[in-house]
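The sequence shown begins at 4 in this note's numbering and counts up by one.
Each residue gets a CB set at the ideal place from its N, CA and C atoms; glycine is no exception.
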Amino acid sequence: MKGIKKAIQCLKDNKSFVITSHTNLEGDALGSELAFWKLLKAMGKHAVIINEDTPPCNYTFLPHILRIKKFKKNMSNTRCDCFVLLDCSNLERCGKVASISRNAKSILNIDHHISNEMFGDVNWVDSSASCCAEMIYNLYKRLRLPLNRDIATFLYTGLLTDTGSFRYTNTTSLTHKIASELLKYDLRVAWIYKQVYENISFEDMRLLIKALSFIRRDDSGRIAWVKIRRGLLKNIDIRLDLAEEVLSFARAIKGTEVSILFKESLKNKDEVRVNLRSSGRVDVNKVASFFGGGGHKTASGATVKGDIETVSRQVLSKIRETLQ
Numbered sequence: 004m005k006g007i008k009k010a011i012q013c014l015k016d017n018k019s020f021v022i023t024s025h026t027n028l029e030g031d032a033l034g035s036e037l038a039f040w041k042l043l044k045a046m047g048k049h050a051v052i053i054n055e056d057t058p059p060c061n062y063t064f065l066p067h068i069l070r071i072k073k074f075k076k077n078m079s080n081t082r083c084d085c086f087v088l089l090d091c092s093n094l095e096r097c098g099k100v101a102s103i104s105r106n107a108k109s110i111l112n113i114d115h116h117i118s119n120e121m122f123g124d125v126n127w128v129d130s131s132a133s134c135c136a137e138m139i140y141n142l143y144k145r146l147r148l149p150l151n152r153d154i155a156t157f158l159y160t161g162l163l164t165d166t167g168s169f170r171y172t173n174t175t176s177l178t179h180k181i182a183s184e185l186l187k188y189d190l191r192v193a194w195i196y197k198q199v200y201e202n203i204s205f206e207d208m209r210l211l212i213k214a215l216s217f218i219r220r221d222d223s224g225r226i227a228w229v230k231i232r233r234g235l236l237k238n239i240d241i242r243l244d245l246a247e248e249v250l251s252f253a254r255a256i257k258g259t260e261v262s263i264l265f266k267e268s269l270k271n272k273d274e275v276r277v278n279l280r281s282s283g284r285v286d287v288n289k290v291a292s293f294f295g296g297g298g299h300k301t302a303s304g305a306t307v308k309g310d311i312e313t314v315s316r317q318v319l320s321k322i323r324e325t326l327q
């Protein structure tokens, strides 16, 4: 637990903090940021959360979500004692917000990805943790700071989303123990689940159905994938990420060992976002790392330069090679 001790000392030694996480925000990133922000406030520190992306609309239920600032060019000059990255395997994953790190005295890296590049001045990386929120929970306990309903909501949202509603292989007895502790704060668990997973507009549901019509699988039946092109994405609420919904259906196909979503970038025409999920046999972190990404053994991703046809051929070839 050397990492957590160094992280705590870093918090004590500094007064002002900028907190950020990866682009394509999800529940663990947002929940961890907000819980960490509350922790710093409880310690009497000055802290602000800045992200490149706007929070997806299915997370706007989170208390204090409006405290999160969207990065603007003039924010590159923001000064702080410590620049904190949560749930990021490398500095580049936070996008343009990384420019603020040049003005910081130190960088604190708190993450649970096995692919983490240990880029911080202080690194607390625990790949055995189910999610970053689990690590932030441990910080509260080590510092003996009290929890409340809002903080419990942040942490529970991180646990819920990164474990796939406690279905993925990263779910442990400790995960359930922490969830049990958080439930003592009168959490509206059914409501939280509904906000995250059952909050799609009728129009976006129709587009999800259309996206699912593009599911394909190889002759072996072990790989299933979906390609979503820019034309379809333009019609979807830009604040809604349907990746998990699409991947859930793809990996539900009997016999599927690896499911993949290829999604053309709306920001850059020559980029494709690749999301990979594995039933356990294939280490998709190694596949993602080959293409400059990373994550976990059973859930990883990468942003790859090229057109969607070329990128999909390259990724599928690598996965077939791994399955042999």
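Quiz prompt | Reduced DSSP category for residue 148 - H, G, I as helix; E, B as strand; rest coil | solution = As a first step, residue 148 must be located in the sequence shown, where it is residue number 145. Here residue 148 sits in coil by DSSP.
Quiz item: What are the complete alpha helix (DSSP H) segments, minimum 4 residues, inside the segment 205-256?
Solution: 205-215, 233-236 and 246-254
Self-check item: Segment limits, beta strand (DSSP E) that includes residue 192
Solution: To locate residue 192, count along the sequence shown from 1; it is residue 189. First-last for residue 192: 192-200, but that is the alpha helix (DSSP H), not the beta strand (DSSP E).
Quiz item: Is it right to say residue 26 is buried, meaning 16 or more other beta carbons lie within 10 angstroms of its own, or is it exposed?
Solution: Position 23 of the sequence shown, counted from the first residue, corresponds to residue 26. So residue 26 counts as buried.
Practice problem: Let me know if residue 280 comes out buried or exposed under the rule of 16 or more other beta-carbons within 10 Å of its beta-carbon. | Solution: As a working note, residue 280 is residue 277 in the sequence shown. Label assigned to residue 280: buried.
Practice problem: Excluding the 5 residues preceding and the 5 following residue 111 in the sequence, name in chain order all residues of the same chain whose CB lies nearer than 6 angstroms to its CB. | Solution: Numbered from its first residue, the sequence shown carries residue 111 at position 108. For residue 111, where only same-chain residues beyond five positions count, the Cβ hits under 6 angstroms are 13, 85, 87, 123 and 125.
Self-check item: According to DSSP, residues forming a beta bridge with residue 114
Solution: Start at 1 with the first residue of the sequence shown, and residue 114 comes out as number 111. Note: residue 114 sits in a beta bridge opposite 128.
Quiz item: Going by alpha carbons, who is nearest to residue 40 out of 312, 70 and 17?
Solution: As a first step, residue 40 is located in the sequence shown; it is residue number 37 there, counting from the start. For the residues 312, 70 and 17, the minimum Cα distance to residue 40 belongs to 70.
Exercise. Name the one or two DSSP bridge partners that residue 276 has.
Key: Reading the sequence shown from its first residue, position 273 is the one you call residue 276. BP columns for residue 276 point to 266 and 306.
Quiz item: If you count every other CB in all the chains shown that lies within 10 Å of the CB of residue 77, and 16 or more means buried, which is it?
Solution: Within the sequence shown, numbered from 1, the residue matching residue 77 stands at position 74. By the 10 Å Cβ count, residue 77 comes out exposed.
Quiz item: What separation, rounded to the nearest whole angstrom, lies between the Cα atoms of residue 234 and residue 128?
Solution: Residue mapping note: residue 234 aligns to position 231 of the sequence shown, counting from 1. Residue mapping note: residue 128 aligns to position 125 of the sequence shown, counting from 1. Distance between the alpha carbons of residue 234 and residue 128 is about 39 angstroms.
Exercise. Could you tell me the distance, in whole angstroms, from the CA atom of residue 321 to the CA atom of residue 24?
Key: Along the sequence shown, read from residue 1 onward, the residue named residue 321 stands at position 318. Along the sequence shown, read from residue 1 onward, the residue named residue 24 stands at position 21. Taking the straight line from one Cα to the other gives about 29 angstroms.
Quiz item: How would you call residue 228, buried or exposed, if buried means at least 16 neighbouring beta carbons within 10 angstroms?
Solution: Walking along the sequence shown from the start, residue 228 turns up at place 225. The residue in question, residue 228, is buried, as its Cβ has 16 or more Cβ neighbours within 10 Å.
Practice problem: Evaluate residue 260 with the Cβ neighbour count: other Cβ atoms within 10 Å of its Cβ, from every protein chain shown; 16 or more gives buried, anything less gives exposed. | Solution: In the sequence shown, residue 260 corresponds to position 257, counting from 1. Counting Cβ neighbours within 10 Å, residue 260 comes out buried, since at least 16 surround it.
Exercise. Can you tell me which of 198, 299 and 42 puts its alpha carbon nearest to the alpha carbon of residue 285?
Key: The residue you call residue 285 lines up with position 282 of the sequence shown. Minimum Cα distance to residue 285 is reached at 299.
Practice problem: Would you grab the beta carbon distance between residue 89 and residue 35 for me? Rounded to a whole angstrom, and I think it's under 8 angstroms. | Solution: Translated into the one-based positions of the sequence shown, residue 89 becomes position 86. Translated into the one-based positions of the sequence shown, residue 35 becomes position 32. Indeed they touch by this definition, with Cβ atoms about 5 angstroms apart.
Quiz item: Taking C-beta to C-beta, are residue 49 and residue 72 nearer than 9 angstroms?
Solution: Position 46 of the sequence shown, counted from the start, is the residue given in the question as residue 49. Position 69 of the sequence shown, counted from the start, is the residue given in the question as residue 72. Their beta carbons are not under 9 angstroms apart, which means residue 49 does not touch residue 72 by this criterion.
Quiz item: Using CA coordinates, which residue listed in 319, 104, 68 and 249 is at the minimum distance from residue 82?
Solution: Indexing the sequence shown from 1 puts residue 82 at position 79. When each option's Cα is compared against that of residue 82, the closest is 104.
Self-check item: Exposure label - residue 212; buried when at least 16 CB within 10 Å
Solution: The residue labelled residue 212 in the question sits at position 209 within the sequence shown. Burial call: exposed.
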